[in-house]
Amino acid sequence: MAIRTGLVSIGLGLMVQPAMGRIIFEDLHLLPTYIKAHGVIMGLTFGVMMPLGVIAIGLLNVRGSIWIHAAWQLISWSLMIAGFGLGVRIARITDKAYNNAHTKIGTIVVAMLLVQPLFGLIHHIRFRKTHRPNAWTHLHVWYGRMLMLLGIVNGGLGLQLAANSRGGEIAYGVVGGILGACVLLVAAWTEYKRWFRPRAPSQPPPVTETRG
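Using the UniProt record's numbering, the first residue of the sequence shown is number 1, and each one after it goes up by one.
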């Protein structure tokens, strides 16, 4: 039996296996709402908000852009935690906690991103003292980029697990793919500007905190 609600198409034959014996049957009627909310929140977080936060910090050159980036990504981070909580609830109802790639990868990504704000804070404190990039700078920048891209990929796995419509999978893939590619392009562009753009022989590579 399949239940369709708006953007979500849930194949209960795929999500629920009664023979497993630990399914919370009295909560099965909540699955469409939970899955839709989880998909929308996590899709928005990893597929749109986090990439835009990374792209903006790489392109903005205005006063206070670092605080815009921090506030934006903290909102994304909070949404990620809320979406993860829904995902845990879905996994408990369907007894599919860690027997599939989506939940395993998702848990790892969320757990690793829990410390990302701390890395950003340490980077900022050290940068303010030296006005130079440091090990925490590169850790914060590349750690976040890699986990965000992995989160985008995992969103696609989640759509497959929920038996979403083909159109929904394609739409998510296009948006997430474009923004993910933009993140990589911005990363390449900022590195190029730092190290390969022509400048006076005595001029050091340009350093701004917003670019890490």
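Note that CB positions come from ideal geometry on N, CA and C, so glycine has one too.
{"Item": "Every unbroken alpha helix (DSSP H) inside the stretch 78 to 128 [4 residues or more]", "Value": "101 to 113"}
{"Item": "Chain-order list of residues whose beta-carbon lies under 6 angstroms from that of L60 (same chain, five-residue window excluded)", "Value": "none"}
{"Item": "Distance between H138 and T107 (C-alpha atoms, nearest Å)", "Value": "24 angstroms"}
{"Item": "First and last residue of the uninterrupted alpha helix (DSSP H) at P32", "Value": "31 to 44"}
{"Item": "Distance CB(L86)-CB(Y143) smaller than 7 angstroms", "Value": "no"}
{"Item": "Short CB-CB distance (under 7 angstroms) between F84 and chain B", "Value": "Absent here is chain B; the protein component of the structure consists of one chain."}
{"Item": "Buried/exposed call for I57, threshold 16 Cβ in 10 Å", "Value": "buried"}
{"Item": "G53 and W72 closer than 7 angstroms at C-beta", "Value": "yes"}
{"Item": "Environment of H140 [buried if 16+ CB atoms lie within 10 Å]", "Value": "buried"}
{"Item": "Cβ neighbours of Y172 in the same chain (closer than 7 angstroms, five flanking residues each side left out)", "Value": "G43, G47, G155, G156, L159"}
{"Item": "Short Cβ contact (7 angstroms threshold) for L113 with L147", "Value": "yes"}
{"Item": "Rounded separation between N99 and A188 - CA only", "Value": "37 angstroms"}
{"Item": "Residue range of the alpha helix (DSSP H) that includes A163", "Value": "Unbroken run through A163: none, as it is neither H nor E."}
{"Item": "DSSP three-state assignment for N154, whether helix, strand or coil", "Value": "helix"}
{"Item": "Buried versus exposed, by CB contacts within 10 Å (16 or more), V109", "Value": "buried"}
{"Item": "Whether T103 touches A97 by CB criterion (7 angstroms)", "Value": "yes"}
{"Item": "Residue from G177, H124, T190, G168 whose Cα sits closest to the Cα of L150", "Value": "G177"}
{"Item": "Beta-carbon proximity list for L28, same chain, < 6 angstroms, skipping 5 on both sides", "Value": "none"}
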